[in-house]
Amino acid sequence: MHLSDYGLSRERGFLSAFEIDEIALPARFGAIVEAAETLSGLITSGRVRDWLERLPDPDLAEWAQTAPEEQVRAAMVRYSFLVQAYVWGHAEPPRHLPANLAKPMVAIAERLGQAPLLPYSGYVLDNWARIDKAAPLSLDNVRMVQNFAGGEDENWFVLIHVAIEQEAGVLLDNAVQLIAASAAGDAARCEALLLEMNDAWERIYAHFKRMPERCDPYVYFHRVRPWIHGWANNPALNGGLVYEGLYNGQPQALRGQTGSQSSIVPAMDALFGVKHSDDPLKAFLDELHHYRPVPHRRFIEDVGARSQLRGFVAESGVQSLKDAFNANLEQVARFRTRHLEYAASYINKQASSIPGNDPDVGTGGTPFMKYLKKHRDENAAQVI
Numbered sequence: 058m059h060l061s062d063y064g065l066s067r068e069r070g071f072l073s074a075f076e077i078d079e080i081a082l083p084a085r086f087g088a089i090v091e092a093a094e095t096l097s098g099l100i101t102s103g104r105v106r107d108w109l110e111r112l113p114d115p116d117l118a119e120w121a122q123t124a125p126e127e128q129v130r131a132a133m134v135r136y137s138f139l140v141q142a143y144v145w146g147h148a149e150p151p152r153h154l155p156a157n158l159a160k161p162m163v164a165i166a167e168r169l170g171q172a173p174l175l176p177y178s179g180y181v182l183d184n185w186a187r188i189d190k191a192a193p194l195s196l197d198n199v200r201m202v203q204n205f206a207g208g209e210d211e212n213w214f215v216l217i218h219v220a221i222e223q224e225a226g227v228l229l230d231n232a233v234q235l236i237a238a239s240a241a242g243d244a245a246r247c248e249a250l251l252l253e254m255n256d257a258w259e260r261i262y263a264h265f266k267r268m269p270e271r272c273d274p275y276v277y278f279h280r281v282r283p284w285i286h287g288w289a290n291n292p293a294l295n296g297g298l299v300y301e302g303l304y305n306g307q308p309q310a311l312r313g314q315t316g317s318q319s320s321i322v323p324a325m326d327a328l329f330g331v332k333h334s335d336d337p338l339k340a341f342l343d344e345l346h347h348y349r350p351v352p353h354r355r356f357i358e359d360v361g362a363r364s365q366l367r368g369f370v371a372e373s374g375v376q377s378l379k380d381a382f383n384a385n386l387e388q389v390a391r392f393r394t395r396h397l398e399y400a401a402s403y404i405n406k407q408a409s410s411i412p413g414n415d416p417d418v419g420t421g422g423t424p425f426m427k428y429l430k431k432h433r434d435e436n437a438a439q440v441i
């Protein structure tokens with residue numbers, strides 16, 4: 058088992074191996090890229106649907122099947138932002154997504170094995186570039202390439218996630234090594250790898266706690282979050298969105314973009330053998346698994362199928378190894394606690410001020426407050 062088998066690396070984790078500003082799309086995408094790059098202006102005009110309805114349909118069915126993957130993923134970023142802007146760019150959402158957006162969006166999504174709307178991979182994992190190409194990727198040397206309305210709060214929200222995903226590359230690489238080391242009965246190697254992971258978690262947490270520095274909860278809720286909603290469990294769309302000319306005219310009820318589509322925590326649960334009892338959030342997260350890029354799904358599944366780490370550590374009789382294992386479980390629980398705190402301040406508190414709004418429903422329709430606490434506690438309780 059190697060990270061490269063899944064398109065992953067120690068240096069970038071689940072982030073794209075490419076930088077989107079270096080991917081040139083074919084000439085047929087000219088009007089599409091121009092619209093995407095000027096999207097904040099189209100939104101501000103108050104007529105974003107009018108402009109997007111004028112875009113040509115570049116007929117991507119054949120291209121999407123044979124084009125290089127990095128081009129298809131770059132096209133996914135551009136089109137998924139345009140689709141979200143079309144749906145949420147006016148006071149009332151439409152019942153239909155016009156064919157000039159629906160057909161290319163579905164062609165791209167089908168090639169990638171993902172849903173035809175904005176995914177976490179399009180919002181974060183593939184939507185970044187270094188500012189100084191001669192310098193390493195870091196929070197002070199990275200930019201969000203594709204925006205909705207734009208602004209510091211939107212950028213910072215995404216870039217904090219980019220920084221976290223990059224640091225997580227160590228977790229993923231060490232996970233693969235831990236599977237091999239535990240199978241070989243090498244307790245000393247397992248302990249060293251776990252200690253290194255604990256240090257990586259500290260760096261991840263240092264990034265995560267910086268979210269409020271430049272992303273204000275009120276601005277996030279009212280100016281950033283509305284663009285990333287999906288069409289499932291959303292009363293404004295009542296049953297989903299019709300993709301004109303596709304799916305036999307049946308509305309598609311799809312989940313919105315959410316950080317819960319990140320593969321970091323599920324990969325760690327798979328490695329450490331952490332289980333969660335059935336509840337609405339677990340069902341939701343199980344559903345979200347199918348919104349991830351296919352190679353990321355395979356990585357989580359393969360780690361879960363191959364990891365014997367928990368049993369090896371429990372039976373080792375080496376207390377320092379158990380301590381290192383438990384320290385990582387506590388780091389994941391700590392990460393979940395911070396997520397819970399942000400869910401409370403960025404969503405629950407903001408939603409509570411809106412009459413008739415359900416403050417316990419998160420981005421993508423997540424029943425989060427009660428069950429995030431439960432998952433955090435289950436995580437912390439499964440130490441050895």
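In short: position in the sequence shown from 1, add 57, done, that's the working numbering. Each residue gets a CB set at the ideal place from its N, CA and C atoms; glycine is no exception.
- Taking 7 angstroms as the cut-off, the beta carbon of Val163 is found no closer than this to the beta carbon of Ala244.
- Exclusion of the five residues before and after Lys430 leaves Leu397 as the residues of its chain whose Cβ lies within less than 7 angstroms of its Cβ.
- Residue pairing by DSSP places Trp185 opposite Met201 in a beta bridge.
- The C-beta of Asn204 has 16 or more other C-beta atoms within 10 Å across all chains shown, which makes the residue buried.
- DSSP places Phe278 outside any alpha helix (DSSP H), giving it a letter other than H or E.
- Close CB contacts of Leu65 within its chain, under the 7 angstroms cut and outside five residues either way in sequence, are with Phe71, Leu229, Phe356 (chain order).
- An exposed status is given to His59, since fewer than 16 other beta-carbon atoms sit within 10 Å of its beta-carbon.
- At least 7 angstroms separates the beta-carbon of Ile77 from that of Val215.
- Rounded to the nearest whole angstrom, the C-alpha separation of Val299 and Ala327 is 36 angstroms.
- The stretch 350–385 contains, as complete alpha helix (DSSP H) runs of 4+ residues, the segments 351–363, 366–373 (chain order).
- Going by DSSP, Thr123 is part of the alpha helix (DSSP H) stretching over 118–123.
- For Ala401 against Arg280, the beta-carbon gap comes to about 19 angstroms, at or over 8 angstroms, which does not count as contact.
- Closest in C-alpha terms to Leu235, from the list Val440, Ile221, Ser364, comes Ser364.
- The shortest C-alpha to C-alpha distance from Gly242 to any of Ser373, Leu139, Trp185 is the one to Ser373.
- Lys190 and Gly302 do not touch by the CB rule: their CB atoms are close to 41 angstroms apart, not below 8 angstroms.
- The residues Ile357, in chain order, have a CB closer than 6 angstroms to that of Pro323 in the same chain once the five nearest residues on each side in sequence are set aside.
- Taking each of Pro269, Ala166, Arg135, Glu79 in turn and checking the Cα distance to Glu91, the smallest one comes out for Arg135.
- Between His286 and the set Pro173, Arg312, Asn305, Ile261, the nearest pair of CA atoms involves Arg312.
- When the five nearest sequence neighbours on each side are left out, the beta carbons in the same chain lying within less than 6 angstroms of the beta carbon of Trp108 are those of Leu99, in order along the chain.
- Judged by pairs of C-beta atoms under 8 angstroms, the stretch 384–393 touches the stretch 248–256, as three or more such pairs exist.
- Taking the CA atoms as reference points, His264 sits about 6 angstroms from Ile217.
- Annotation note: the stretch 188–245 contains the following uninterrupted beta strand (DSSP E) runs of length 3 or greater, listed N- to C-terminal: 199–201.
- The C-alpha of Gly179 is placed about 13 angstroms away from the C-alpha of Phe75.
- Within the DSSP bridge table, the entry for Gly146 names no partner.
- Taking C-beta separations shorter than 7 angstroms and ignoring five residues to either side along the sequence, the partners of Asn231 in its chain run Leu250, Glu253, Met254, following chain order.
- Counting other Cβ atoms within 10 Å of its Cβ, Gln122 stays below 16 and is therefore classed as exposed.
- In summary, Asp62 is exposed, with fewer than 16 beta-carbon neighbours lying within 10 Å of its beta-carbon over all protein chains present.
- Out of Tyr348, Gln318, Leu182, Ile441, the CA that lies nearest to the CA of Arg69 is found in Leu182.
- In this chain, Leu65 is not harboured by any alpha helix (DSSP H), its DSSP state being neither H nor E.
- Per the coordinates, the alpha-carbon of Thr95 lies some 31 angstroms from the alpha-carbon of Glu224.
- Straight-line spacing of the CA atoms in Gly170 and Arg354 works out to 11 angstroms.
- Taking the CA atoms as reference points, His147 sits about 23 angstroms from Ser409.
- By the CB criterion at 7 angstroms, Ser137 and Leu112 fall outside the cutoff.
- For Tyr277 and Asp210, the gap between their C-alpha atoms comes out near 7 angstroms.
- Ranked by how close their Cα comes to the Cα of Asn291, the residues Val144, Leu378, Phe369 have Val144 in first place.
- When Ala132, Ala289, Ser73 are compared, the shortest CA-CA separation from Ala88 is found for Ala132.
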